[in-house]
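Okay, so here's the structure we're looking at.
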Ligand SMILES: NC(=O)c1ccc[n+]([C@@H]2O[C@H](COP(=O)([O-])OP(=O)(O)OC[C@H]3O[C@@H](n4cnc5c(N)ncnc54)[C@H](O)[C@@H]3O)[C@@H](O)[C@H]2O)c1
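Residue numbers (my numbering): 613 to 1007.
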């Protein structure tokens, strides 16, 4: 059975889903595309070989499409209203991360999902990657004994770093914060591996590189050639989806906004310390300006520790006492996000077909948003923030 879906938000992420859908026509049919920008919706349908998909600019138009599910890939600030609308139509939902900007917004989505009784899977693709699944298995087998601490970091390449400084993510009103929009699934992975919830957090961060005093021009299109030649962040079209008109004139929708603009309120580096309810302690850092995108993970238990980088696909387990180091191969599967895209889209369609529990449910979405918001509060106030159980309530 091919599941009929509507894709909502025909942007960069939707093209990842489109690549999957084109290879899996026996499993999924994109019957409709909705974007508030009709040009983007039409291009999506045409360029992805889904010319039969009906194009909408108003989500309410999807009600007549006899869909099974909605794939929600709109900017974070719209997750709540779009998810509520889709759930009210009785659709199963794949909702991109973060679930929503606040705990209350997450609870509103949970309420709508409880009322509809449909499947909602969060877009926490990291959970579907072999590397993290292997780490989870190692912890469950007790190889490290009692787990004491975890240390994780996400490193972003220059192009990737720059894209957040010039796109909608640059304003907290759209994205919640850099940590929420980019790393809500890294915090989810730590929560999942700890099998617990953050109880107290501290954090430091700031905007230290992309500061306005360095801005040579408003957009790359009007920047002096000599400055552009030396600028590592000059707009090259990476990490965005441009329509034909955008490609012709990137400045018309601010795509090539200077990274040093003063129209942003996010940070460009942040570290967090977390104590879980089960006393596991963790650190997480968001690090820009890297050679390439990378994720690092170290976990220490009473019997030894493990270390790995997602990109190498290797997990090294070092026993604390005698005993040899063991290297486990968890090489990436095919497709984007180290194979996580294919595996998580597969998992969603299976959950829809079998009416099964999704790989990342609404509770994981709420817990990640609540934890990240507490970390940001800690950063902004310079205080340790304790998270009460009440903040994690589902209703
Ligand atoms: N899971 C992941 O690894 C991953 C990766 C990238 C992005 N994302 C998430 O995917 C979502 C989309 O990000 P993106 O980079 O594709 O953004 P984007 O800006 O490229 O695309 C978003 C699209 O949504 C449209 N849109 C905005 N509001 C809308 C509304 N109310 N109804 C319908 N369409 C609307 C915009 O016109 C745009 O075409 C975000 O939530 C982001 O955090 C997740």
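The beta-carbon is built from N, C-alpha and C at its ideal position, and this holds for glycine as well.
- DSSP places residue 855 in the coil class of the three-state scheme, outside both helix and strand.
- Cβ atoms of residue 901 and residue 773 come within 8 angstroms of each other, at about 6 angstroms.
- C-alpha of residue 719 to C-alpha of residue 712: approximately 9 angstroms in a straight line.
- Here the alpha carbons of residue 970 and residue 959 stand approximately 7 angstroms from one another.
- For the pair residue 938 and residue 927, the Cα-to-Cα distance works out to about 8 angstroms.
- Leaving aside the five residues that flank residue 686 on each side, the residues in its chain whose CB is nearer than 7 angstroms to its CB run, in chain order, 620, 621 and 694.
- Look at residue 661 here: in three-state DSSP terms it is coil, with no helix or strand label.
- Residue 864 sits in a helix when the DSSP states are folded into three classes.
- Apart from sequence neighbours up to five positions away, the residues of its chain that approach residue 973 with a beta-carbon distance below 8 angstroms are 732, 733 and 734, ordered along the chain.
- Your pair residue 646 and residue 615 does not check out as a contact, with CB atoms roughly 17 angstroms apart and the cut at 8 angstroms.
- Annotation for residue 929 indicates a beta carbon at 7 angstroms or more from all heavy atoms of ligand 1.
- Per DSSP, reduced to three states, the secondary structure at residue 795 is helical.
- At least one heavy atom of ligand 1 lies less than 7 angstroms from the C-beta of residue 708.
- Shortest gap from the CB of residue 955 to any heavy atom of ligand 1: 7 angstroms or more.
- In this structure, the straight-line span from the alpha carbon of residue 999 to that of residue 986 is close to 7 angstroms.
- The DSSP assignment places 691-700 and 715-728 as complete runs of the alpha helix (DSSP H) inside the stretch 654-729, in order along the chain (cut-off: 4 residues).
- Annotation: residue 643 is outside any alpha helix (DSSP H); the continuous beta strand (DSSP E) that includes it extends over 640-646.
- Per the coordinates, the alpha-carbon of residue 675 lies some 6 angstroms from the alpha-carbon of residue 701.
- The DSSP-derived three-state label of residue 954 is helix.
- If you draw a straight line from the Cα of residue 802 to the Cα of residue 983, it is about 11 angstroms long.
- Scanning 704, 763, 897 and 752 for the CA closest to the CA of residue 816 turns up 897.
- In this structure, the alpha-carbon of residue 798 lies about 28 angstroms from that of residue 636.
- Close CB contacts of residue 722 within its chain, under the 6 angstroms cut and outside five residues either way in sequence, are with 974 and 1006 (chain order).
- For residue 696, the CB contacts under 7 angstroms within the same chain, skipping 5 residues up- and downstream, are 720, 721 and 724 in chain order.
- Going by DSSP, residue 782 is part of no alpha helix (DSSP H) at all; its letter is neither H nor E.
- The beta carbon of residue 820 sits closer than 7 angstroms to those of 880 and 881, all from its chain and outside the five residues before and after it, given in chain order.
- Buried is the label assigned to residue 710, since at least 16 other Cβ atoms lie within 10 Å of its Cβ.
- Taking residue 736 as the centre and dropping the five residues before and after it, the same chain places the C-beta of 709, 797, 800, 972 and 976 closer than 7 angstroms to its C-beta, in chain order.
- Per DSSP, residue 619 is not a residue of any alpha helix (DSSP H); the beta strand (DSSP E) it occupies stretches across 615-620.
- If you ignore the 5 residues before and after residue 831, its C-beta comes within less than 7 angstroms of the C-beta of 863, 868, 869 and 870, all in its own chain and listed in chain order.
- Residue nearest to residue 909 within the set 903, 925 and 915 is 925 (criterion: CA-CA distance).
- If the five residues before and after residue 829 are omitted, its C-beta is found closer than 8 angstroms to the C-beta atoms of 835, 836, 839 and 870, all from its own chain and listed in chain order.
- Using a Cβ distance threshold of 8 angstroms, residue 812 and residue 887 count as a contacting pair.
- Counting only runs of 4 or more residues that sit fully inside the stretch 906-976, the alpha helix (DSSP H) segments are 952-966, in chain order.
- The shortest CA-to-CA distance from residue 911 to any of 643, 761, 651 and 627 is the one to 761.
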